[in-house]
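Numbering (this note's numbering), first residue to last: 267 to 694. We treat Cβ as the ideally placed atom computed from N, Cα and C, and that holds for glycine. Computed from a predicted structure; not experimentally measured.
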C-alpha cells in the first residue's frame with residue numbers, strides 16, 4: 267500500500283512511495299507528529315540518480331523488519347536534496363561536524379523540533395565496510411532516546427550551537443579580496459593538485475569545475491604557466507578517463523578511484539553545465555581543439571538527452587539500469603567484436619584499452635590510456651585514419667547502445683541548474 271509520498275511530485279520521493287516505511291515528506295505535519303508522539307525524527311536525504319541511495323532503499327527501506335523498526339521508533343522523513351537544498355545543506359553540515367565526512371544517502375536523527383543529534387550517510391543492512399548494520403543504528407538511537415535522553419538533549423544543544431556559529435559566520439575573520447588572498451587560494455589548490463593523474467586530492471575524485479575555472483582566471487591574471495598546466499592536465503586526464511562517456515558524451519558525477527577510470531555513472535546537469543564551460547574557456551585560452559571537441563560533445567549530450575520537449579533541462583540520469591550499476595555504459599569484448607567486425611574492433615580494443623577480463627566486473631569501461639599518436643603508430647595508420655575509424659566505432663556503439671534499457675531519468679527542471687547550463691550555452 268503506498269505511503270504518504272504517493273502525492274509528491276519529486277521523482278526521488280516517488281521512488282519510495284511503495285516502501286513499507288511510513289515516510290512523511292518534509293513539512294509541518296511530520297514535525298507535529300514527532301512532537302505529539304514524542305518520537306525522534308529519522309531524516310533520510312538523497313536524490314534520484316544516486317547509486318548508494320538505491321542500494322540503501324533496497325537493503326533497508328524495502329526490508330519489512332527494518333521498516334517496522336523505523337515505524338515503531340521514529341517519524342521517518344524522506345527529502346529530495348535537489349528539491350530542498352536548504353534542508354540538505356543544514357543537515358549535511360551537521361553530519362560533517364559529527365563524522366568528518368558527508369555524502370548521500372544522508373541519514374540524520376533529529377529531536378522533534380528538528381535539532382540534529384546523530385547522523386551519517388549510507389548504512390548497510392548487515393555489518394560491513396567497517397560500518398554497523400542499519401538495524402543496530404536504529405536500536406542504538408532508540409535506546410539512547412529512551413534511556414539516556416539527557417545526553418541526547420545535550421548533544422543536540424551542542425551541535426546546534428556549533429551549526430549556528432558556522433551558518434552565521436561567527437568566529438571567522440573577514441578579509442578584503444585582494445591579490446594576496448587570490449594567490450593564497452591558488453597555492454592551496456596547487457598543494458592538493460595530483461601531478462600524475464590531474465584533479466585535486468585522492469579517491470573518490472570529483473571534477474571540481476569551480477577550482478579549475480578559478481585557476482584559469484588566475485592564469486589570466488598572473489600568466490603563471492604552472493597554474494594553466496594544472497587545468498589543462500586535469501581536463502585532458504578527465505576527458506580520456508572512464509568518468510567521461512566516450513560514446514555518448516557527458517561526465518559522470520565522480521570517480522571512485524584517483525585515476526578517473528571507474529565512475530559512479532550518474533550524470534548531473536550541474537556538473538556538465540560547469541564542465542562544458544571550463545572546457546570552452548580552456549579552448550579559448552589555449553587554442554587546443556581537443557578541449558573544444560569535449561565541450562561540443564557535452565553540449566550535444568545535454569541537448570539530446572537532457573532537454574525537455576517543452577523547454578528546460580532535466581536534472582540527472584541514473585547510474586543504474588535494470589538494477590545494475592553502469593550496465594548501460596560498459597562493454598564486453600565479444601559485444602564489440604560482434605558489432606564492429608574484425609578491423610574496427612581491433613582499433614577499438616587498442617584505443618579504449620579493452621581486455622577480455624575487463625576493468626569493471628568482467629566488462630570494460632571505455633577510456634583512452636594513450637595519446638592518439640601512440641595508438642596510430644601501434645596500429646600502423648595515420649592519425650587522420652585513426653580518427654575516421656573512431657568516428658565509425660563511436661557511431662556504431664552509440665547506435666547499439668540505444669537498444670539497451672536506459673538509466674532512469676530525473677525529469678525535474680531546476681531553475682539554478684538550468685541557469686548554469688544556459689550560461690554555458692550562451693558563451694558557446
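Asked	Found
Counting beta carbon pairs with one atom in the stretch 669-681 and one in the stretch 314-328, are three or more of them shorter than 8 angstroms?	yes
In terms of alpha-carbon separation, which member of 291, 296, 594 lies closest to residue 277?	291
Within a Cβ cutoff of 8 angstroms, which residues of the same chain sit near residue 486, ignoring the five residues on either side of it in sequence?	551
Using the rule of at least 16 other Cβ atoms within 10 Å of the residue's Cβ for burial, across every protein chain shown, is residue 285 buried or exposed?	buried
With distances taken Cα to Cα, identify the nearest neighbour of residue 654 among 691, 568, 613.	613
In three-state terms, what does DSSP make of residue 549?	helix
With respect to the alpha helix (DSSP H) encompassing residue 503, which residues constitute its N-terminal and C-terminal limits?	491-505
Can you tell me whether residue 630 is buried or exposed, with buried defined as 16 or more other CB within 10 angstroms of its CB?	buried
Can you tell me where the beta strand (DSSP E) holding residue 691 begins and where it ends?	Run containing residue 691: none in the beta strand (DSSP E); it sits in the alpha helix (DSSP H), 681-693.
What separation, rounded to the nearest whole angstrom, lies between the Cα atoms of residue 595 and residue 330?	33 angstroms
For the candidate residues 506, 453, 528, 533, whose alpha-carbon lies nearest to that of residue 519?	533
Below 8 angstroms, how does it come out for the stretch 617-635 and the stretch 506-513: are there three or more Cβ pairs, yes or no?	yes
Would the beta-carbon of residue 528 fall within 7 angstroms of that of residue 626?	yes
I'd like the ranges of any alpha helix (DSSP H) spanning at least 4 consecutive residues and lying wholly in the stretch 314-391.	317-322, 330-339, 351-365
Leaving out five residues before and five after residue 677 in sequence, what residues of the same chain have Cβ atoms less than 6 angstroms from its Cβ?	580
Would you tell me roughly how many angstroms separate the C-alpha atoms of residue 272 and residue 322, rounded to the nearest one?	20 angstroms
Does DSSP put residue 283 in a helix, in a strand, or in coil?	coil
DSSP three-state call for residue 274: helix, strand or coil?	coil
Take residue 582 as the anchor and find which of 539, 602, 603, 590 has the nearest alpha-carbon.	539
May I have a chain-ordered list of the alpha helix (DSSP H) segments no shorter than 4 residues that lie completely inside the stretch 626-657?	638-645
Have a look at residue 505 and residue 586 and give me their C-alpha separation to the nearest angstrom.	22 angstroms
Any chance the stretch 413-432 sits against the stretch 380-399, with 3 or more Cβ pairs inside 8 angstroms?	yes
With burial defined as no fewer than 16 other Cβ atoms inside 10 Å of the residue's Cβ, what is the status of residue 664: buried or exposed?	exposed
If residue 354 and residue 347 are in contact, beta carbons under 8 angstroms, what's the gap, nearest whole angstrom?	4 angstroms
Return the CA-CA distance between residue 649 and residue 544, expressed in angstroms with no decimal places.	26 angstroms
Take residue 411 and list the residues in its own chain whose beta-carbon comes closer than 7 angstroms to its own, dropping the five residues that flank it on each side.	306, 418
Check for me: the beta strand (DSSP E) holding residue 307 runs from which residue to which?	307-312
Mapping DSSP to helix, strand and coil, what is residue 579?	strand
With 16 as the cutoff for other CB atoms within 10 Å, does residue 640 come out buried or exposed?	exposed
Express the C-alpha separation of residue 430 and residue 363 in angstroms, rounding to a whole number.	12 angstroms
Tell me, to the nearest whole angstrom, how far the beta carbon of residue 481 is from that of residue 448; I am working on the premise that it is less than 8 angstroms.	Rounded, the Cβ-Cβ distance is 11 angstroms, inconsistent with contact.
For a cutoff of 7 angstroms on Cβ pairs, would you count residue 524 as touching chain D?	Among the protein chains of the structure shown there is no chain D, as only one such chain exists.
Can you tell me whether residue 547 is buried or exposed, with buried defined as 16 or more other CB within 10 angstroms of its CB?	buried
Go ahead and label residue 467 buried or exposed: buried means 16 or more other beta carbons lie within 10 angstroms of its beta carbon, across all protein chains shown.	exposed
Can you list, in chain order, the residues of its chain with a C-beta nearer than 7 angstroms to that of residue 704? Leave out the 5 residues immediately preceding and following it.	The shown model of the chain, from 267 to 694, leaves out residue 704, and the question about it has no answer.
Give me, in chain order, the residues of the same chain whose beta-carbon lies closer than 6 angstroms to that of residue 689; leave out the 5 immediate sequence neighbours on both sides.	none
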